[in-house]
Structures are given as structure tokens and as C-alpha cells.
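The listed protein sequences derive, respectively, from chains V, X, W and D. Numbering follows my numbering, in which position 185 of the first sequence is assigned residue number 376; successive positions increment by one, without gaps. Numbering follows my numbering, in which position 588 of the second sequence is assigned residue number 1140; successive positions increment by one, without gaps. Numbering follows my numbering, in which position 63 of the third sequence is assigned residue number 65; successive positions increment by one, without gaps. Numbering follows my numbering, in which position 113 of the fourth sequence is assigned residue number 307; successive positions increment by one, without gaps. Heads up, the thing below is written out as C-alpha cells.
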Amino acid sequence: MAEVEKPVKKYSLFSLARNALSFHQNWEKAWRSPEPKKHYNAIIIGGGGHGLATAYYLAKEHGLTNIAVIEKGWLGGGNTGRNTTIIRSNYLWDESAAIYDKALQLYEGLSQDLNYNIMLSQRGVLNLAHNLHDVRELKRRVHAIRLNGIDSEYLSPAQIKEMIPIIDISPSIRYPVMGASLQRRGGVARHDAVAWGFARAADARGVDIIQQCEVTGILREGGRVTGVETTRGTIHAPKVGIVTAGHTSVLAAMAGIRLPITSYPLQAMVTEPVKPILNSVVMSNAVHCYVSQSDKGELVLGAGIDGYNSYTQRGSLHIVEEQLAAVCMLFPIFSRLRIMRKWGGIVDTCPDASPIISKTPVEGLYINGGWGTGGFKATPGSGWAFAHTMARDEPHALNAPYALDRFTSGALIAEHGAAAVAH
Amino acid sequence: MSQINRLAHGGRIDRSKPLHFTFNGQAMRGYAGDTLASALIANGVRLVGRSFKYHRPRGIMAAGAEEANALVQLESGRRTLANQQATRIELYEGLSATSINCWPGPNFDLMAVNSWFHRLMPAGFYYKTFMWPAAAWKYYEHFIRRAAGLGVSPKLPDPDQYDQMNVHCDVLVVGGGAAGLAAALAAGRTGARVILADEQAELGGQLLGEQAEINGKPASHWLAAGESELAGLADVTVLKRTTVFGYYDHNFAGMLETRTAKLPNGGATTRQRLWHVRAKRVVIAAGALERPLIFSDNDRPGVMLAGAVRTYLNRYGVRAGSNAVVFTNNDDAYRTAIALKDAGVKGVCVIDTRLAPHGELPTQALQAGIAVIDNSTITGVTGKRRVQSVEVMTLNADASGVIGPARTFPCDLVATSGGWNPVIHLHSHAGGKATFDEARGLFIAADTLQASACIGAANGEFQLNDCLKDGFRAGRDAAAKAGFKKASRRKLPTAAVVDEAPARIIWALPTTKPIGQRGKHFLDLQHDVTVADVQLAAREGYRSVEHTKRYTTLGMATDQGKTGNIPGMAVLAQALGVANPGDVGTTTFRPPYTPVTLGAFAGRNVGPLADPVRMTPMHHWHELAGCKWEDVGQWKRPWYYPKDGESMADAVNRECLAARNAVALLDASTLGKIDIQGPDAAEFLNRIYTNAWSGLAIGRCRYGLMLKEDGMVFDDGVTTRLGENHFLMTTTTGNAAAVLGWLEEWLQTEWPELKVYCNSVTEAWATLTLCGPNARHLLAEFTDDMDLSADAFPFMSMQEGTVGDIPARVFRISFTGESSFEVNVPASYGLALWTQLFNAGEKYGLTPYGTEAMHVLRAEKGYIIVGQETDGTVIPQDLGMQWILSKKKDFLGRRSFARPDSARGDRKQLVGLLTGDPDMVLEEGAQIVAENRNNPPIPMIGHVTSSYYSANLGRSIALALVSSGRDRVGDTVYIPMPGKVISAEVTTPVFIDPQGERLHG
Amino acid sequence: MLLIPCPYCGEREETEFHHGGEAHIERPQDPDALSDAEWANYIFMRTNPKGLFHERWVHAAGCRRWFNMARNTATNAIIGTYKIGEKPPKGAR
Amino acid sequence: MVKPFLRQSPLAHLHLEARRPLGDGLPEAGIHVAERPHRSQIAVRGQATDPAFLQGIEKALGISLPTEACTASGKPGDLQVLWMGPDEWLVVGGPDNAALIISKLTTALVDLQVALVDVSESRTVIELSGKQARVVLDKGCSIDLHPRSFGPGQVVNTLLGRGHVLLHQTDHEPASGSSAYDIYVHRSYAEYLWSWIEDAAREYGLAMRS
Ligand SMILES: Cc1cc2nc3c(=O)[nH]c(=O)nc-3n(C[C@H](O)[C@H](O)[C@H](O)COP(=O)(O)OP(=O)(O)OC[C@H]3O[C@@H](n4cnc5c(N)ncnc54)[C@H](O)[C@@H]3O)c2cc1C
Ligand SMILES: NC(=O)c1ccc[n+]([C@@H]2O[C@H](COP(=O)([O-])OP(=O)(O)OC[C@H]3O[C@@H](n4cnc5c(N)ncnc54)[C@H](O)[C@@H]3O)[C@@H](O)[C@H]2O)c1
Ligand SMILES: Cc1cc2nc3c(=O)[nH]c(=O)nc-3n(C[C@H](O)[C@H](O)[C@H](O)COP(=O)(O)O)c2cc1C
Ligand SMILES: [Zn+2]
């Protein structure tokens, strides 16, 4: 593969020190802000993590560099910029385990690969069980994951308490903690850094990242895609990838495609920062809460989805109240911490709680979406597989099961257990 | 410490009520009406804490919700609270507060070493380093985390309570300043239902800190009169200490009320109350926040907002310094200069960025003998722990630099004003837009999706007289729109109009060197974000205001950038070469306006009330019998009943044996029961269930399976025909509500032509299941109007009669494979009958059994449990239930069987498993493989769905879903567990009585 | 926080309702006549528009009735509700 | 019915009537509560547009069917009909009357497409009254209970706390501001609701009424 290396100003402690002497006047731009060209070899619609990763791997793995990422707002401003950043690969089915663990493996080397510290913090992710059904389902997942060659353990309440002394495991709480699965390799990463790192690295390989440019139409001729209409003019390309998360249906509709996707509000919030108090990521589907503490000290908390379609990027208060009541049940000492900010995202969910990474009936048009409440963890893997699909016009084995036709054949990948609630 | 900065008189504090408190262990005094901040200033405290990143000494900079610096840890132990703004803590007797984020203390803080490396720590430095070696981040992170985080979380359980309240009103007025009070009065007078909420302890807003006059008298008179008039209006509710923290769709607001200024020592009152308000109209009169001037080293303790300095003087009777410089770009700050001078503060002078300020207020100041240095800026501040002097220079022609000689002014207080920003936060929460008023350099509320209006200072109206006018008009208007049009003839109050000249807006003030090279120009004091950081972000391509925010963390601290955001955005605009900051825009305003506790959001839904506990009529009997509970949805069901010294296994074995050898009694009341009536009832069931219902005889029962349209099993249960047009359906416990919802959905939305009514009767009946060979004998003792013989009362039939003189429906159905009778009696007799059966049953060996034994018994028979043998991916054929799929009619889900995936040859099918070692009980959820090995990855062919020790068989049994399982009967499969591999033989899934003889017996 | 006008009970809080997805998706008269793709279209495919949306709700904690609602999913503004079998209100067609 | 002493309402075991008032020294209880168990309750389904149905009900019960949403007909304490939905009502009578009511209804509605279901056992009634009764409800109920929009004779199916209730206002005295409500709650939720009320009412003083 012929790679055209552009000079990158490498980030390192050394370059930081050198720049400090010149008052940081000489850093290069992390990415350019180019004018859109009239024609590209491929266009990625959506400058979220998945879109940027796709562009990066198209350039890096497939030598495709005359490509553009078109973003209607600011890059990383979609769900990538508003998620609770939980990363894990503890999914039930083989198909899921494969792609999510590919993503986790890429994450494990990503800071170095991108030369951008994405602050991957593998502090362990616990999924709690609160009733016998949960216990059974969690154990099923723990065993499946282990046999897929991925790290996974089951913890008793006492072991949970040992890891997280502030959690209430007493049998007298309304829904007592009966056990948990633990993936030690799971954790969190700095969401913005993932988007920015991919953007910078893609830009360095020649990818044009065009922000403040909304795609308003998808051009087709004789069943083939030929380009896109945008708020900054028409741009032609023989290959177009839709990677627009919450707006997947909106973009697909521009090409006359109906999808099995519904977009819901999903809310998250942060508390005021406090000194380290919680060292792992704790998730509970049964009582709807998930929480971790960021490096800056805030608790990052996620709620369940609102029950109705909406593109407003805000949600209802009662959803947040239910979730915070659950947090107070598990962590009674948190009742006096305060929420400093809460916000919403738009998640595109599929009936089987698994994504779509697929060719479409329109030749040259590809879709990567439907990640719902859990696609951040998949970002590099998703981009990697989607780049393969776009470059070769055929899915990689990793994403072949995620084709659109599974809804016709019935071969769904039901991950509700792994993904029933947001995370 | 004595209150060295307390004025001899003045202020709204109550000098007759002295209060004692401690700060960092030092005893101090203040008065009722003080905030912690005003009391600290009174006591001469300057240094309150250290900053987040550089650990620079910091003091108090504001007097309200915008305070970014003065955060304290309030109290300790059970009542400790982190990161509390000293400006919002009402002083109370015995208060104790300490500085945060410094060690050992704010005066000498070891973490201040960070500031030595500040040059290595520009915005986003962590993205550029700590990457080598890859594994080392863990260790770096450990130290980063320890350094971050401000205050400490409480570590002991919360002794306080929180509650919630729902209210509706015609007009919600946010903010009780001049504009808000006027609006509430105007709306209240029309008879509308009005809520006026203000975050402070007193109404009045900005007026509390001013010497303003209304109707020619001190404004406090008008305030008091207004407040008492509101108190007399029946449908007006005034809520003080109540912050409207969020504004949501369809005019819904969330408010947080602090109910006890001092934390109570327990008792009936809740500490905080969260209000849900549904308003017809919302009037946002939230005022304006003063913005600081951004100059070199503007973070030194003693650099404060000019309005705040005035508030401390007028409202609290304290002077924030003894030697003051006022630094401004507008006229308003001259009020502060005059007030300082009046309070006897020395050396008061005004440094104004404008050329020859000439308005009413500057003129007054000059007349009062205050020196005014025009066209100038502060270029530097000396003094680390408190301001000692400022250096002042003249601005050059375009204000991009300074010229001429530097003058030094010794001072311990710098009161700065960069103008005011309307509080448009709430307007924005619910989708409202903002536009930039270029002339005045501020963002104003524009289009909104809600029925609301911003008024007064919140709408950029800074003249008191205009605020009053605006308030009355807006209040009347809102009431009228809500349907209350009564006119009031009262004369509107007026205030003198002060002619104020325009401000001169220079977002970042120059110093002698390029910005960033002499001192630091702080934008976000709490997060230590400087102008240089924003410029760096712009230079590095983080051009969007949202990128800059995230890259620098500007506005992401607990104050959410109330003072720093707007200057920050303007600085970004400049750095990008964008002329109009409006084109850069604001970042998104999000709730809450000020932080809200988790406890308040949770309200009453904590502890035992976290979620309803649903109880059957026999619940308390089970509890007294010492049962262990299983949570099934909101129900508590008896799981098993251990006797003294019994393990779970002992108890379950005993219960299972009793059920097959004697008689056992189960509380099955939680099963869903739906009464279905109407001429089309049978047709309806035909469509809902997979099998046919038209031919079922009256008094007969039939098992049914329900699918979703994708063909997957959704629920199952037995349905009985009570009459020609009358059925009683039972559902699983967990799905009862969902199934009723499912029936109604189809009836109402798709098949309205069907004449059918569904009613839930789950709660109407207590269901007592007698199971086992002695069941009939025991039941016979209780009834004389039913023939219980197998012929007269065959399996899958129902009789009505009396049991223990109680009217009952008895069903001969069975989930255990044992001859059993499900006795249904009116719920309020359930406990009586249960007790009677229990007493009379002793001689038959009657044993109550719980859900665990029930599960074992049904597994012995290979009966499925929806949600255990199924998981939303299982079709009836997988369960070997082809027999229940009618070929003669359509039913929900049937079409999906024709899809390729349903016909796949390797689908997972229900089978039995018998382990080689009969004592080995497999783990439910364990995965099954075809090869005898334990080194992942290993392809999996299925998993164990149910697994128990069967006392009746004297060995373990399991059910499993296994790929092509029915073809594998007789094969050995393997179950790899950590550290061992278990082998098992695949069998058919029925372990006991395959012919069903016991069932019919 | 939606305030939903139930056509039977009047305005009630969102918490009393359940959302039932897109409205006006009819169950095919003869499922066997459909191709797999058409069947998939009926059970899974949804328009999910940004803007005017016709959706079903049920007043679960109130009168237990299903009804239709026209709402703008970009703003959450409710244009109107209408009973099952009725036509959408003016401005929502 | 048989052996009435064997009957046990969902809150009977709590012996509410024997409890001491709650309220940390408040001079007067703002809230009074009592359980009103075993009311006869019949779910009636039918078409409100069918005159025969309306007449049949009136004939059988002597009171008319409330066709306006969220209203009740009849007299509290006596026979009443509560609106539950556009084709659904709850006929409420004193204890042990259900069979009689059903037989009257059956006779009067013969040949009509209706459904009658005895659900007397499904719910118990908690009676809540006093000056602060409305405020306590406001703590957990999103209905606008202000006298301007809600008053005696009105009835709603709604949520109270985290449970579903049928809330019927039976009385209001404008002078004292005191009002009274019958809260119909499914029996499995009754103890939860009672605990919820006890907790929410504590600050206003709670007394039991016999
Ligand atoms: C509150 C919340 C919490 C979450 N928590 C987690 C978690 O803990 N772990 C996890 O793994 N996942 C989580 N997720 C899910 C995760 O955030 C997403 O799955 C993932 O970020 C999706 O990335 P993306 O790149 O596909 O989409 P996005 O980041 O949303 O990017 C799509 C981009 O497309 C752009 N776009 C849309 N329309 C157009 C157009 N017409 N023209 C041009 N551009 C357009 C958008 O502006 C956007 O920037 C969470 C999501 C939310 C909302
Ligand atoms: N001359 C100037 O430059 C200038 C500038 C600004 C303001 N002012 C003066 O300020 C006053 C403005 O009057 P006003 O009534 O518009 O504002 P105000 O500031 O007097 O009152 C607003 C009130 O709302 C409260 N508040 C803010 N957000 C809240 C929330 N979310 N929830 C609850 N309470 C909240 C504040 O604490 C305050 O009490 C006038 O007296 C005006 O002259 C003058
Ligand atoms: C993991 C994570 C941590 C965050 N931490 C903070 C924080 O410390 N302070 C803050 O103000 N916002 C924080 N945010 C929220 C953002 O400010 C912002 O609300 C979010 O990215 C959504 O964007 P929007 O509110 O601009 O729509 C955080 C967001 C995420 C996803
Ligand atoms: Zn309704």
C-alpha cells in the first residue's frame, strides 16, 4: 500500500516543552478547514467518531485519500460528544463479541496509533444483577464472552463490595445487588479526544474534513450514487457512506431508503467534581443507571431513553429522576452530590439492539448506523470494518452479519440484554 | 477574629442576631442575614481557596450564583457538602466551612507546584502527552485524578430527606427582582394563579444591593409593599430560596427549593424540595450577571465584580477592601465607586477604558472627588494572596496595546465591571434562540418554542424604570394570554431615569506584552482557563466555540461559565478574525441553572419507597413463615421457606418432594388474569394465540402461546372458557400488564370491529395452588358442592363452587405435572383460606412451596418459562411446540415463520441435559460446546436455560437450547467452566412422567 | 416533558402515557401474499422523520385508550391528537 | 358473603384506626386518613352513544351514567358511577352489594353488548381528607387539583407516587380549604401507597379517622 505521509507535528512531552518556550505559538492546526472540492473518490456523511474513523482507516488501510468527511455542525458534536464513554466488549452473541472486541483491541493502541492521547482508562466495567433473571442472563453472557476468548468474570456481592466499597449491597434495599459481571479491560475514554484524534490523523493523511456543511440530498443516477447536495454546493463522489447516528433515517430517506430505525432522546449528566470516590464503571440495566467518575472528578451518569421519537437533543425530566433515584439506591452517599449539567443526544435504535453496517440497494451508497445507546465503544472497529466495506464494496466478515437484509431474513442479533439500557 | 470590615451601620443584616461560625478552624462572627461570603469579608478573610489546575490563591469575586472562586467544603461527617459557593450559603449559628482543593491549607498549598509548570500545561496538554509507554497512562491517570476534583464527596449516609411537589399555574415568574416582582403583582391582580420563584432568601434581586429609589422613596419600601400585597392574593405563591433550575418542553419548569437554611437535625421537614411546575405562561425575569473585565492576573484575591462590591456594602454592610480601585468600561460601576467613597474606603479611583466618560454617574463621581483615569487599563496586579497594587497604562488608538508610562496604584480591592449579560439560560434550555446585540455586546433572547418571555435585565433592560414598566406589562400580558384579563387601575411605580453612556467593549485588555506572556488573563476562574488558552485552541484549529469550550474546558465548571463564557466566546471570535461574536455564538445552555442534588431529583423514591412492593393477600403470612423472597417485577414472591437450620437446597428439596409425594401449596396470586368478554372473544383469541379457540367447551381450559409479529414467543398461559362469549386468560406474572396492553392495542387500533372487552382481574382473586397426590383429599375436606374426582373434574377443566364456604373457581391445571387444583377465591379471603388449608393440611404433609420449587418441578416436566427458556429469539418450533401452531388460521407472528432464518437447520432447540456426575448441578447460563476442551475461543452450540437438583429424581437435571439439539439426543456435549469442563448427555426435555399419568390422576 | 392532550381526558403529563410508535401502519390483510421484504417492511421499517410525525400513544395510567398524535419531532410541538380511525387535524396532513 | 370476619382488607393488618397521630407536636393534623375497605365495585363496559345502554344503567341504578370525562354520578357513600374511560365505568356501592348490583344491571342491559365484571376485590379505598390533603396529593400526583380545575365529583385515573390510582374528590369546603378524596388503589399496591402517604403527610400532621 502506497502511503503518502504528510509531515505531522508529533505530540510528545518533548514537543510540549519546546513549544512552551515559544508560548505555544507554533503548534500546527490539528486539522485544516478546507473548502469542499467538487469531486472526491468517497464521501463520508457525518463527522462523528465513526465517520472520522472510517475516513482514517480508508486512508490508512485502503490508500484512499481523496475523500471528504462532511459534517453539518462541528466534528464530534453528535453522540460522540455527548456519550458516557463506556467502552467494553462483553456482548452475548459471537457476531457482537467479534466486532466490539476488535474495537476494544484497536482502542488499546489508539493513543499511539493516532499520536493523540485518548485517555483510555481500563478501570473495569461492572454490570449488576438485581434478580434471579438478571443473574442467569449475566452468567450466560459471562460464559459466552469467556468462551469467545474475551476477558470476563462473575462477581459475588461481597466481591463487588471489595472493589467498590461505597456501593450498598445490603439485602434490604429495594432491588438488592445479587452479583455482577466484570470486564476488567472495559473502561472509559475521553470522547472528544477520540473524535479529535481520528480527525487529526485523517487530516494528516489528506482527508478533507468539511464542517458546517449539511448534506441535504443524495444524488443518484440509474440506481447508483453520484454525490451529495449540501448547504455548500454539490459534491460528487462514486461512493458515499452515511454515518450520521441519530439522523440515519433522515439521510437514508434522501436516498429513498426506509430503515428499521427509531431515533430517541438519550440523556446524560455530570455532577460537580469531587476527589476520587469511584474507581470502576458501574452499570445496572434493571434499575436503569450507569455511572463512572471522570479524570476531572465529575460523576458521569447516564439515564434511560425517553419513550418517544425526538430530534431535539433534550429529554424529559422524569427519566432523569428515575435514574438518579436508582443511583441513590445503589450509592446512598451520592444523594448530596449535585448535578452540574445534563444534556441529551439522539440515538438511532434498531429492533434487535444491534447496528447496521451495510451496503444498500443503491449502488455505492453505504450505511453505518443504528448503534443506539452503545456505539462509542465500537468507534474504531466500526470505522475499520466500514472502511473495508466501502473500499471493497463488500462487507468484511466482521460486519457481514450486520447487513440490512437481516431484517428480511430474520437473522437478527438480539443484544437487548447487553444493551437494553443506554451506556 | 473581629469583623474589621463591617460598617458601623447599614445593610439588611440583623445586628441583633450575632452568629458564630468557623472557617478553616478559625472562630468568626457574623449576623443573621449574612452569607458566608459577606461574613468572611467582614472578618477580613481574603483567601478562600485554590484554583483547580494551577492552585492559585483565590478570594471571593461575586455575591451570588455566579461566584466561581469561593467554593468551600461545608460541615463535616454526615452533613458535609462539597463545592458550596460561599456567596450562596446563608450564615447560621455554628456553621463550619473549610477550603477545598489545597493541602495543607489555602495559605500554603503544596499542590501550588503545579503553577511552576504552568507553561507545560496549556489547554489540552494531556492530549499531547502521557502516551509513552502505552501502559503508563494508568499511573499518570492516578495522579491526575488525585489532583483534580475540588471538594470531597460525603462518605456517610445522608441524614436528610428530600421531596417533590407538582403544581400548575397560569403564570410562573422566574426571579423576584424589580421586573419579576412587578410582573407577579400585575399578573396576581388579575386573579391568575401565579408562582413567583427567586433563588435568594429575600425578594428584590439587584435592588437589595442598591441605594435605588422607587416613587421617590427607598426601593425597600416598594419591595415590602409588593411582597405584602402578594401575600394577600389567594392564588399567588411566593417561593424564596427557590431556583428555577430547568425549563423543559411545553412550559414545564423544574425548581429547587431549599427549605432549611440551616441543615435541620432530622425532623419532619425535608432539606430540599424539587418542584415540577406546569405553567401556562412563563415570565423570565432572571436579571443580568455582571461580566468581569479580562486583564492580566485578574484572578488575584481582591479582584471582584463591581456590582458585588456594591452589594456587600449596601446589603451586608461590609466593605470588601480598604483601598479600592474601580475598573470599568461602563457607567454602572461608578455607583460602586461612589458607594465605596461614601463608606469611607480610601483612595477610591476609577480606571475607565473609555475616553472622557461624561455621563450622569461619572459626573457625580467626579463631584464626589473620585479620580477618574480614562482611556486606560490595568496591565498588571501585584500581590499573590491579596491584591497589593495595580499597574495602569493608557490604551493605544485601537486598544490593542498600551502606551505611555505605567502608574502604580496601591490598593487591596479592584472592583471591575465589563457590563452585564442578560440571564438567558432558562430561555435557552427549552430550545430558545439568542441573538447578539452588537452595539451593546450582549446576547438577547430571540425566538422561543415555549409560551414565555424574557423581561427586565434578563432582556437587556438595565434601567430600573424600564424594568418596572416591563414587569407590569409582561405580567398583565401573560395573565391575559392565560385567560385573565381583569384590568387594574393602580398607578405604576416609577424610578428616576439615569442617563448612562454606552460601554466601550474591549474583550481582553492588553498588557505590556502579548497576551499570555505577562501574567494570565483568566476567563474561567474555576477551571483556570485563560485568554491564551482560547487563542491556542483557535490556533490549533478548534474553531467551533464548542470545540474551544471542550478543548480548554471553558465554562465547564460548577458555575458553568456564568461570568467567563461570553468574554471567552468574544475572545475566540477575535482570535478567529470574526468581527461579530454573534457569528461564533454561545455554547448550549443546559439545565440545571445552578447545581441540584441527586437527592432532590430522587425525591421520595428512595429507601423502602424506591419502588412499590406489590403484595399478594397472603404476603404477610409468607413473611411470618420466614420465606426468602424473589423479586418478580414489583412483586415479592416467596422463593422458598427455609426451616431452622435449613440451607436453600434442603428447603427446596423438601418442598419438591412434598409436591410429588404429599401435597404442597403455592401462592400463585401474582399470575395475570384478564377477563375477556364479547361475541367476538373467541375470534379475538384465535388471532392472538397460535392455536384455535372457537371449539373450546365452556368450563374447559386450554394452554395458549402468544407471539410477537416477528414470530418470537412473547407469553403463554392457560385460558378458560367461562361462557359462550366469556373467557378468563392467565398470563405470566412479569408480563401481566404487557399482555393486557397487547390485547388492547390490537383491539383498539387494528381490530375495532371486534366486539370484545378486556378487564384485568389479577387483583380480584387470590390463587392458591394445591399440588400433589393428597391435594384432592385435602380439598375435598373444604368443599361439598364440587365433585373432585378425576372423571367429574378432569384435567384442564374448571368448576365454580365453594371452598371453605368461600365462593371459588377451581381450575384443574398444572404447572408441575402433578395432579393439582388452582383455587381462586376473592382476594380478601385469600389469607383465611390459606391459613385454613395450612392447618388442615398437616395430616397430609402439606408444605408451602415457593417459586424455586415450582421451577424445579416444572423443569422435571420440561415445561418452559417464558423469559428463561425463551429470550426474544425463540420461536415455538425451537421449543418443540409445533403442535400448538394452527394451520387453519392466521395468527400474530405466523408469517414470520416463512422467513429463511426460521427455517434454518441449525436453530437452537430445547433439550434436556443430564450431567455425567448426577450431583453436578450446571450453572444456569453456562455455555455448551461440542468439543471437550477449555481453551477459548471455542465455538458455542447453546446454553443452559434451567438447571436444578431434582430431589424427586435424586440427580441434577437441566434444560438447554442447543443448536440442532433434537438431532443430538444421546450425544455428549461439554460445558466448560473456569477451571473445569463438565460433560453431559443430551436428552429429551421431559424427565418425569412423560405420559402425564400423574397429571390426569 | 410533554403535555399530551388525550382526546378523552384532556391534557395530562407525559408520565401517564406510553408511546406506541408510528401511526397508520396497517396489518396486511393477507400476510402470505407478501414477500419477505414486504413483511419486513411492515414489522420493522419506519419513517422516523425529523419534523411532522404521526404516532400512536396510549393513555396507560388514565383512560387506557389508544389515540394518534401529530407532533413535530424537531421541536416536540404537538399539532394535535385524534382518535383512532379519524383523520389527522388540520396542519398535520 | 360468607364468614365476613374472615375477610381481610389489604391494610387491615396495619390496624390504622388504632394508630396514634403523627406529626411532631403539631397542634392539629392537616391530614386525616382511613381505609374504606370492601366497597362493591363493578366494571361496566358499553357504548355511551347507545341510548339503550344509558337508559338501562339509569333504570338499574337510579343514577345516570356519567358521560363527561373524569366525572362521577351518584352520591359519595351511596351508589356511584365513576367514569374510567370513554367506554368504561366503575359502579361503586357499599360492601357486599356487588351481586345485587350486577343482577340488576344484567337484567336492565340484557341483549346489549356490554361487559360487567365484579372487581370489588381488586381495589381498596383510602380516604384522605383535611386542609392539607390536596398538598399531600400534589407531592406525588401531576393532576391539577386546584379548586379551579378539580372539585367534588371529579375523578381521574392517574399516578400517585409510583402507583396507579383512581382519585375521586368527594368534598371541598372553601371556607376551611379542607377537601376529601377517595383514593382507589389496587390491593397489591395498597401498603406501598399507605407508606407513601404516611411519609408525605408527616410534616402536616396525620391522624387516623375511624
Ligand atoms: C447520552 C448518551 C450516552 C451514551 N453512552 C454511551 C456509552 O457509554 N458507551 C457507548 O459505547 N456508547 C454510548 N452512546 C452511544 C454513542 O454515543 C453513539 O453510538 C456513537 O457516538 C455514535 O457515533 P457516530 O459517529 O456514529 O455518530 P455521531 O457522533 O452522532 O456523529 C454523527 C454526525 O453526523 C452529523 N450529521 C447528521 N446529519 C447530517 C447531515 N445531513 N449532513 C452532515 N452531517 C450530518 C451529525 O452532526 C453528527 O456529528 C451514548 C449516546 C448518548 C446520546
Ligand atoms: N445600570 C446597569 O448597568 C444595570 C445592569 C443590570 C441590572 N441593573 C439593575 O438590576 C435590576 C434589574 O431588575 P430585574 O428584576 O430584571 O433583575 P434582578 O437581577 O434584580 O432580579 C433577578 C432575580 O432573579 C433571581 N434569579 C435569577 N435566576 C433565577 C432562577 N433561575 N431561579 C430563581 N431565581 C433566579 C436572582 O437571584 C434575582 O433575585 C434593575 O434594578 C436594574 O436597574 C442595572
Ligand atoms: C463524558 C463527558 C463528560 C463531561 N463533563 C462535563 C463537565 O465536566 N462539565 C461540563 O460543563 N460539561 C461536561 N460535559 C457535557 C458537555 O458540556 C455537553 O453538555 C455535552 O457534550 C453535550 O453537548 P451540548 O450540551 O453542547 O449539547 C461532559 C460530557 C461528557 C460526554
Ligand atoms: Zn385519557
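Virtual Cβ for every residue (Gly too), placed ideally from N, Cα, C.
Where residue i sits in the DSSP three-state scheme
| i | result |
| --- | --- |
| PHE19/W | coil |
| PRO91/W | coil |
| GLY1269/X | strand |
| CYS404/V | coil |
| ALA591/V | helix |
| ILE641/X | coil |
| ALA986/X | strand |
| TRP388/D | helix |
| THR789/X | strand |
| ALA401/D | strand |
| PHE1345/X | coil |
| TRP689/X | helix |
| TRP1298/X | helix |
| ILE236/D | strand |
Proximity below 8 angstroms, CB of residue i to CB of residue j
| i | j | result |
| --- | --- | --- |
| VAL939/X | PHE961/X | no |
| ASP1232/X | VAL1308/X | yes |
| GLY701/X | VAL465/V | yes |
| LEU1075/X | THR1082/X | yes |
| LEU845/X | PHE804/X | no |
Chain C contact for residue i (CB, 8 angstroms cutoff)
| i | result |
| --- | --- |
| LEU1001/X | This model lacks chain C altogether; the protein chains it does include are V, X, W and D. |
Cα-Cα separation, residue i to residue j
| i | j | result |
| --- | --- | --- |
| ILE1509/X | VAL1426/X | 21 angstroms |
| VAL1097/X | GLN403/V | 12 angstroms |
| ARG1055/X | HIS910/X | This sequence places Ala at residue 1055/X; Arg is not what is there. Rounded to the nearest angstrom, the two C-alpha atoms are 12 angstroms apart. |
Nearest-angstrom beta carbon gap, residue j and residue i [assumed within contact, 8 angstroms]
| i | j | result |
| --- | --- | --- |
| LEU249/V | LEU243/V | In fact, because the Cβ distance is near 11 angstroms, the residues do not count as touching under 8 angstroms. |
| LEU1016/X | ALA730/X | 6 angstroms |
| THR1115/X | GLY1185/X | So it is not a contact: roughly 49 angstroms between Cβ atoms. |
| PRO1164/X | TYR383/D | 5 angstroms |
Own chain partners of residue i with C-beta closer than 8 angstroms, once the 5 adjacent residues on each side are dropped
| i | result |
| --- | --- |
| ARG375/V | GLN313, GLY315, ASP342 and GLU344 |
Close-in-space but distant-in-sequence residues of the same chain around residue i (CB under 7 angstroms, 5 per side omitted)
| i | result |
| --- | --- |
| TYR298/V | ILE278, LEU311, ALA380 and PRO571 |
Check: residue i C-beta below 7 angstroms from any heavy atom of ligand 6
| i | result |
| --- | --- |
| CYS335/D | Inclusion of ligand 6 in the displayed structure is not the case, the ligand content consisting of ligand 1, ligand 2, ligand 3 and ligand 4 alone. |
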